[in-house]
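Residue numbers (this note's numbering), protein chains in the order written: chain A, 35 to 192; chain B, 146 to 502.
One structure is given here, and the rest of the page talks about it.
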Amino acid sequence: MFIKEYISDVYQGVRSLLKGMKKTGYYFVHPSEIITQQYPDNKDQLVLPERFRGEVVMTHDENNEHACTGCTACELACPNGTIKIITKFDVTPEGKKKKALDTFIYHLELCTMCNLCIEACPTSAIKMAQTFEHSVFNRNELTKKLNQPNSKIREGVE
Amino acid sequence: MFSFQQWAATIHQWLQMHTGNWVVFWECVIIALLAITLFAVLGLVLVLLERKVAAHIQIRLGPNRVGPGGMLQTVADTLKLLMKEGLVPDLADKFLFNLAPFIVMMAAMLLLAPIAFAKGIQIWDINIGVLYVSAVSSISVIGILMAGWSSNNKYAMLGAMRSGAQIVSYELSAGFSVLCIVVLSGSLQISDIIAAQENGWWIFKGHIPVIISFVIFIIAVTAETNRAPFDLAEAESELTAGFHTEYSGMRFALFFLAEYINIFIVCAIGATLYLGGWMPLHIANWTAFNSIMDYIPSSVWFMGKTFALILLIMWFRWTFPRLRVDQLLTLEWKYLLPIGLFNLLLVTLMAIQGWHF
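Here is the structure:
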């Protein structure tokens, strides 16, 4: 029995090693599989993965309307205080007061691109953009206001 | 036909005419210069090859900025290492610390002597060639232990100790697999071993036992040259850089170079023993095919086989994860050594009965 186990050990070991070598050998002889992007050279035709996380942006439609209700779920979800939401009260035509977004402040210099705010958002108002060249000469430029001037909340978003 | 043998004969005659009794001295000088040139060129080529192979296996591009396609990358690296300051740690044993890289390098250089690079091109066709190789290749472990001990660094010490245990154990397996070929050829002399493969390489003539011994040989020499998956002596995730942690500048470059030279040498030995050295691929009774194969220079055959084996070892390095110390010793003492011993018995039986072709 011992001999049988021993031989099957050797066989299994060799088989698994060969399996690994087959995979790497395949990559070695197929240069088309190479995923390296020669970044500064191919700046124009750069292809980023779909889920690449560059910075948080707020989506606005053609009427300059966004979907943010100012609920501060993202602010609470953020682990390192990147987001600060200032709310105001809009008066509806019926004369009722309604909480709305005044300013969405985003500190890019604090952000770790963890994606928690995007997952927390109930109305999908914010998303991750694919931009990644964030270097600036003045640190203040990294503190961004995400909602565009004069933008308001889209009709029907609660 | 292009042949190094004629050149060597011409140079020998010319030297005999002009220098008389000093001919051996001048030939030694020429050979030393050639060996150093070979080392430098091999170091540059192999490091670049390794980086390119690693990159392609890991779906990367590898060095591609310095020179056309990154060809001059290693030249630039060597220039950088030459100009760097070689630091010696404060409490290191200065003499041994400086001596160690040269011991490792010297062991590699000595191993060059019995290798047949082409038909009739061999520095020293010693009659115990294979024994000489296995004896001299153990010297490098002294250099490694020296480096680890004299660095006054616990990581270096640990790396050196591991390397010592590893090389001592794996030498046995390498020795047994080499013995298989010695038994079949009936000679320890490299030129005789090559001559015995004129009608077919041992790996084809020797059936399965020789293939097993070839596999054991490749595994053992990968371990002996301290390469992944057996690079416990360096193990950068555990021991920073192992025995050469404290080395910098040109002394570090010597260790690095010796590693690659050792790979070349063990692959050359493997090619000589199993793949026929400089002997072209001959198939019995195929006269036309054999004469075409004869037309390819013997140096090209030798280099081709050696580089094929080097590629195989590089393929191992970038595929397999590193073994733990206990796994390493288990592999040697519980698997390779018993299989190797049993295999040697089989090969001996085969040689006595004349079952090989």
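Ideal Cβ placement from N, Cα and C applies to all residues, glycine included.
Alpha-carbon spacing of residue i relative to residue j, whole angstroms
| i | j | result |
| --- | --- | --- |
| residue 345 (chain B) | residue 358 (chain B) | 17 Å |
| residue 405 (chain B) | residue 241 (chain B) | 22 Å |
| residue 145 (chain A) | residue 118 (chain A) | 12 Å |
| residue 273 (chain B) | residue 159 (chain B) | 30 Å |
| residue 150 (chain B) | residue 207 (chain B) | 38 Å |
| residue 200 (chain B) | residue 334 (chain B) | 39 Å |
| residue 474 (chain B) | residue 410 (chain B) | 24 Å |
| residue 228 (chain B) | residue 175 (chain B) | 28 Å |
| residue 481 (chain B) | residue 318 (chain B) | 6 Å |
| residue 422 (chain B) | residue 256 (chain B) | 16 Å |
| residue 428 (chain B) | residue 262 (chain B) | 22 Å |
| residue 166 (chain A) | residue 388 (chain B) | 41 Å |
| residue 111 (chain A) | residue 68 (chain A) | 37 Å |
| residue 135 (chain A) | residue 96 (chain A) | 19 Å |
| residue 450 (chain B) | residue 441 (chain B) | 13 Å |
| residue 436 (chain B) | residue 343 (chain B) | 13 Å |
| residue 70 (chain A) | residue 463 (chain B) | 18 Å |
| residue 302 (chain B) | residue 468 (chain B) | 19 Å |
| residue 321 (chain B) | residue 156 (chain B) | 39 Å |
| residue 187 (chain A) | residue 74 (chain A) | 39 Å |
| residue 80 (chain A) | residue 88 (chain A) | 14 Å |
| residue 51 (chain A) | residue 472 (chain B) | 15 Å |
| residue 369 (chain B) | residue 487 (chain B) | 22 Å |
Beta-carbon contacts of residue i that lie in its chain and below 8 Å, excluding the five residues immediately before and after
| i | result |
| --- | --- |
| residue 170 (chain A) | 176 |
| residue 495 (chain B) | 329, 351, 352, 354, 501 |
| residue 223 (chain B) | 188, 189, 398 |
| residue 418 (chain B) | 275, 323, 326, 338, 347, 362 |
| residue 184 (chain A) | 98 |
| residue 425 (chain B) | 435, 438, 439, 441, 443, 446 |
| residue 153 (chain B) | 265, 266 |
| residue 143 (chain A) | 173, 176, 177 |
| residue 393 (chain B) | 229, 230, 231, 232 |
Cβ neighbours of residue i in the same chain (closer than 6 Å, five flanking residues each side left out)
| i | result |
| --- | --- |
| residue 298 (chain B) | 390, 391 |
| residue 180 (chain A) | 92, 138, 140 |
| residue 108 (chain A) | 117, 151, 154, 155 |
| residue 215 (chain B) | 208, 209 |
| residue 120 (chain A) | 136, 137 |
| residue 277 (chain B) | 259, 271 |
| residue 403 (chain B) | 249, 250, 253 |
| residue 191 (chain A) | 101, 157 |
Beta-carbon neighbours of residue i, restricted to chain C and to distances below 8 Å
| i | result |
| --- | --- |
| residue 65 (chain A) | No chain C is present in this structure, whose protein chains are A and B. |
Option in the options with minimal Cα separation from residue i
| i | options | result |
| --- | --- | --- |
| residue 454 (chain B) | B:481, B:482, B:408 | B:408 |
| residue 492 (chain B) | B:445, B:259, B:323, B:442 | B:323 |
| residue 456 (chain B) | B:262, B:412, B:446 | B:412 |
| residue 459 (chain B) | B:432, B:384, B:486, B:366 | B:366 |
| residue 182 (chain A) | A:142, A:109, A:152, A:98 | A:98 |
| residue 360 (chain B) | B:332, B:331, B:420 | B:420 |
| residue 244 (chain B) | B:166, B:478, B:290 | B:290 |
| residue 305 (chain B) | B:252, B:267, B:371 | B:371 |
| residue 115 (chain A) | A:54, A:128, A:106 | A:106 |
| residue 161 (chain A) | A:85, A:122, A:54 | A:85 |
| residue 123 (chain A) | A:103, A:113, A:37 | A:103 |
| residue 292 (chain B) | B:309, B:478, B:381, B:486 | B:309 |
| residue 168 (chain A) | A:147, A:126, A:159, A:53 | A:147 |
| residue 197 (chain B) | A:65, A:82, A:45 | A:65 |
| residue 312 (chain B) | B:336, B:341, B:279 | B:279 |
Proximal chain B residues relative to residue i, where beta-carbon distance stays under 7 Å
| i | result |
| --- | --- |
| residue 68 (chain A) | 204, 205, 206 |
Proximal chain B residues relative to residue i, where beta-carbon distance stays under 9 Å
| i | result |
| --- | --- |
| residue 61 (chain A) | 201, 202, 203, 204 |
| residue 51 (chain A) | 461, 464, 465 |
Where residue i meets chain A, residues with beta-carbon distance less than 7 Å
| i | result |
| --- | --- |
| residue 464 (chain B) | 54, 55, 58 |
Residues that residue i contacts on chain A, provided the C-beta gap is smaller than 9 Å
| i | result |
| --- | --- |
| residue 480 (chain B) | 40, 43, 44, 47 |
| residue 198 (chain B) | 62 |
Own chain partners of residue i with C-beta closer than 7 Å, once the 5 adjacent residues on each side are dropped
| i | result |
| --- | --- |
| residue 470 (chain B) | 307, 377 |
| residue 386 (chain B) | 379 |
| residue 254 (chain B) | 180 |
| residue 396 (chain B) | 231, 246 |
| residue 461 (chain B) | 367, 374 |
| residue 296 (chain B) | 234, 237, 242, 390, 391 |
| residue 287 (chain B) | 248 |
The ligand ADP heavy atom lying under 8 Å from the CB of residue i
| i | result |
| --- | --- |
| residue 455 (chain B) | Here there are no bound small molecules, and the ligand ADP is not part of this structure. |
Report the residues of the region 85 to 116 of chain A with a CB closer than 9 Å to any CB of chain B, ordered along the chain. none
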